[in-house]
Amino acid sequence: VRQQSDGNSGQAFIDEGEPEQLEEGLWRIPVPLPFALRSANIYLLADGPSDWTLVDAGLGLPADETALHSGLATAGIELEQITTIILTHAHPDHIGLSGPIHAASGAPIYMLSGEERTMYSVWGERAQAIAGELGAMYAAHGMEPEQVASSRQSPTRTRAILQLPPPSSIVTLEDGAELSIGKRVYQAIWTPGHSDRHLCLFRDDQLFIAGDHILPSITPNIGWYPHGRSDPLRDYFWGLERVRDLPARLVLPGHRLPFVGLAERVDELRLHHQERSRRIEALLSEALPGGRSAAGIAALLFGKRLRTSDDLRFALAESIAHLEYLRAEGQVVRDEQDGRICYFAVSPAVSAPGPRTHGGSAE
Ligand SMILES: [Zn+2]
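Structure (C-alpha cells):
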C-alpha cells in the first residue's frame, strides 16, 4: 500500500522503499537515507538491447549498496550490464555509489558541465574550507554558536560516506545537448535552483528525469550558499518555466514516487515559493527597529518543524534564498553590522503580484 505521509516524517514508513518495475525496461530502485527524506531513487532504463542507463547513485552507505544489489537482482540486471551512468546533481544522496558502480561497469558518468567541479571541490579538496565558509555564513545570519559548531562536523561525516569515481570517468554535457544511447535520445536541460548545475533529462519517449528539481508532495530545498549562484530562487523559477510545458508522460523524481502531471506540480511549487516570499515580506513589514536576521525568519517560518541541526541549516539557507530574491526585487534591504546581517522591508505595504489560483501547496 502506498501512502504519502509527508509532514510527519519519522512517523509512518511509506512503502516507497521497494524496487519496482514501472514499465517494460524501466526500474526504480530506492535506497535508504538516514535522514528525513528516507530514501533516494536510482533508476534503470533500457535504452537498447544491451544498453542499461542508471540515473543517480544514492548516498554510499553500506545499506545503499545492499539495497542497490537486491534491487538489481529483482530486476535481473547485473552491474556489469550498465553502459551509461547519469548524475542529476552533486548532492551527496545522488552521487555516493557512483564510484563502485563505475568501477564494476566501466560505464562513463554524465553530468551537466560545472556540476562535476562542485562535486570534487565541495566533497574533495575544498571540503574543509567550505565547512569554514558555511559556518561563517550561518553565524552572520544569526545561527546560535553551538549549531554553527555542529555544522562544521557535517561535511566531514558526509565525505567519509561518499564513494566517488575518478575524475577521468566524468563526461560533461552542455545545456540543450542531445545524448544518444542505444535507440533513445535524451535532451539535457539545465535546471538551476536546487543545485547550480542541476540536470534534468527528457527522453524521446516522453519520460522526464526530474532529479530533485521537481518532487511530488515535498518541495525541493532551494538554498543560498556562499560558494553558489547569487539568486538561486530566481534561478529556480526560471528552471520551473523551462520544464513546465514538456509533454511528459511520466515524471521520475529523485525522491518519493514517480507521477504524472508535470505542469500542475510546477504550478504548485511556484505558488509555494511565491506564498513563502509574501509571508517573509509580511514578517519584515512588522516594524522592528533592528530588522530581522535570516535565522529569525527561519524560526518564524518553520518553528517546531526544525528538529535536527540539518533541518536548521536547510531552513536557514532557504530563508536566505528568499531574502536575497526579495532584495534583488527591491522589496527588502540588507544591513550588516559587526558581522551580523539583518534584513528590513523597504515599504510596509508592498503588494506582490497576485497568485495564480491553484490548489494545495506542499511542504
Ligand atoms: Zn538534491
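In the working numbering, the protein residues as written are 1 to 363. Glycine included, C-beta positions come from ideal geometry on N, C-alpha and C. All values derive from a computational prediction rather than experimental measurement.
The beta-carbon distance between Gly142 and Gly17, rounded to whole angstroms, is 37 angstroms. This is too long to meet the 8 angstroms contact definition.
For Leu312, the enclosing alpha helix (DSSP H) has its first and last residue at 309–328.
Of the residues assessed, Gly135 falls on the buried side of the cut-off, its CB having 16 or more other CB atoms within 10 angstroms. In this chain, Gln331 is not harboured by any alpha helix (DSSP H), its DSSP state being neither H nor E.
Look at Gly124 here: in three-state DSSP terms it is helix. With a cutoff of 7 angstroms, Asp267 does not count as near ligand 1, since its C-beta is closer than that to no heavy atom of the ligand. By the neighbour-count criterion, in which a residue is buried when 16 or more other Cβ atoms sit within 10 angstroms of its Cβ, Ser105 is buried. Shortest Cα-Cα distance from Leu283 to any of Tyr120, Gly339, Ser347, Ala90 involves Ser347.
Rounded to the nearest whole angstrom, the CA to CA distance from Ser169 to Leu112 is 14 angstroms. DSSP assignment within the stretch 66–118 yields the following whole beta strand (DSSP E) runs of 3 residues or more, N-terminal first: 82–86, 109–112. With a 10 Å radius around the Cβ and a threshold of 16 neighbouring Cβ atoms, Ala328 comes out exposed. Ranked by Cα distance from Ile214, the options His227, Glu264, Leu97, Gln187 are led by Glu264. The set of residues with a C-beta under 5 angstroms from any non-hydrogen atom of ligand 1 comprises His91, Asp212, given in chain order.
Runs of the beta strand (DSSP E) spanning 3 or more residues and lying entirely within the stretch 168–244 occur at 170–173, 178–181, 184–190, 199–203, 207–211, in chain order. DSSP places Phe35 in the coil class of the three-state scheme, outside both helix and strand. Within the DSSP secondary-structure output, Phe259 pairs in a beta bridge with Val251. Counting along the chain, Leu306 sits inside no beta strand (DSSP E), nor does DSSP assign it H or E at all.
Cβ neighbours of Arg242 within its own chain (closer than 7 angstroms, five residues either side excluded): Ile189, Thr191. The Cβ atoms of Tyr186 and Phe202 sit closer than 8 angstroms to each other. Counting the other CB atoms within 10 Å of its CB gives Pro62 a total below 16, which places it among the exposed residues. Between the alpha carbons of Asp245 and Leu262 lies a gap of roughly 8 angstroms. Straight through space, the alpha carbons of Gly48 and Tyr120 are spaced by roughly 31 angstroms.
Only residues of its own chain outside the window of five on either side were considered, and among them Glu133, Met137 have a CB closer than 6 angstroms to the CB of Pro226, listed in chain order. A Cβ-Cβ contact shorter than 8 angstroms links Leu68 with Val31. Under the criterion of beta carbons closer than 8 angstroms, Leu316 and Ala294 qualify as touching, at roughly 6 angstroms.
Counting only the Cα atoms, Leu199 lies some 10 angstroms from Gly176. Within the same chain, Val148 come within 6 angstroms of Ala139 by CB-CB distance, once the 5 residues on both sides are set aside. Around the CB of Glu281, 16 or more other CB atoms lie within 10 Å, so the residue is classed as buried.
Of the candidates Glu318, Ile130, Gly290, Gly99, Gly290 places its Cα closest to the Cα of Gln337. Following the DSSP letters along the chain, one finds Val55 inside the beta strand (DSSP E) bounded by residues 51–55.
Here the C-alpha atom of Glu115 lies approximately 24 angstroms from the C-alpha atom of Glu65.
Between Asp56 and Leu87, the C-beta gap is smaller than 8 angstroms, which places the two residues in contact. Asp338 sits in coil when the DSSP states are folded into three classes, being neither helix nor strand.
One Cα belongs to Thr83, the other to Ala90, and the distance between them is close to 20 angstroms.
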